[in-house]
Amino acid sequence: MSRNSQKTGYTDCACRDCFEIAIGVPGVALCHECEASGCDPEGHHECAAPDAYEGRSCPRNEHDGGFDYLTVQWLASELRTIQHSAPWDAIEPDPDGDVVCVYVRLQVAHGDAFVHSGDPSFDTDHRGYWGASVISRDDNISRLVEIAMDLIDQACAAQIEARSAIPGGV
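Encoded structure:
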């Protein structure tokens with residue numbers, strides 16, 4: 001083996017949103033599903049594997065009290081980014097226990113979606129429809145997908161509630 005060879009072995013899949021393990025060079029290797037699906041190892045596109053995000057999606061559209069432009073895949077990816085960049089060692093445990101968590105919020109307003117994290121008292125833009133939850137360092141992809149679906153469901157419910165309060169609304 002030459003000195004300039006890159007080490008290979010088990011590594012995270014290089015696909016931007018994949019949570020699987022690949023075998024090969026870190027940052028380049030794709031898992032079997034991503035390789036077969038033609039995923040982008042440079043991270044420019046969402047994971048195209050058939051079982052990505054456990055095959056879940058948000059089937060609702062605005063007429064049904066939903067947001068057809070908002071996907072579980074995108075939101076789970078955003079939550080994963082927050083999870084990987086959170087300063088876990090500096091976060092105080094939950095007052096009710098020893099769980100360390102980060103508050104996350106989904107804001108849907110004017111045809112766009114935003115994800116906020118950290119102390120909710122710093123949120124100054126209160127427009128649109130919201131969902132709120134927490135993530136921990138140990139949440140796996142299944143849990144992040146569940147949280148993403150819950151956040152979308154909360155925002156959809158807030159939209160339905162707001163529309164029902166308007167005479168002639170849904």
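Just so you know, the sequence shown maps onto residues 1 to 170 in this note's numbering. In this text, a Cβ means the ideal position worked out from N, Cα and C, and glycines have one as well.
How big is the Cα-Cα spacing for A109 and D17?
Taking the first residue of the sequence shown as position 1, residue 109 is located at position 109. Taking the first residue of the sequence shown as position 1, residue 17 is located at position 17. Approximately 24 angstroms, taken between the alpha carbons.
Please work out which residues of its chain come closer than 7 angstroms, Cβ to Cβ, to V28, disregarding the five sequence neighbours upstream and downstream, and give them in chain order.
In the sequence shown, residue 28 corresponds to position 28, counting from 1. Closer than 7 angstroms at the Cβ level, and outside the excluded window around V28, lie A14 and P41.
Please give me, in chain order, every unbroken run of the beta strand (DSSP E) with length at least 3 that falls completely inside the region 110-166.
112-117 and 129-136, all fully within the region 110-166.
Quick check: the Cα distance between A36 and D139, rounded to an integer number of angstroms?
Mapped onto the sequence shown, residue 36 falls at position 36. Mapped onto the sequence shown, residue 139 falls at position 139. So the two alpha carbons sit approximately 27 angstroms from each other.
Let's see if you can read the secondary structure: which residues bound the beta strand (DSSP E) around T81?
On the sequence shown, residue 81 is found 81 positions in, with the first residue counted as 1. Unbroken run through T81 is the alpha helix (DSSP H), V72 to S85; no beta strand (DSSP E).
Looking only at its chain, what residues have a beta carbon closer than 6 angstroms to the beta carbon of G24, apart from the 5 residues adjacent to it on each side?
Translated into the one-based positions of the sequence shown, residue 24 becomes position 24. So the qualifying residues of the chain are T8.
Pull the bridge partners of A22 from the DSSP assignment, please.
The residue given as residue 22 occupies position 22 in the sequence shown. Beta-bridge pairing links A22 to T11.
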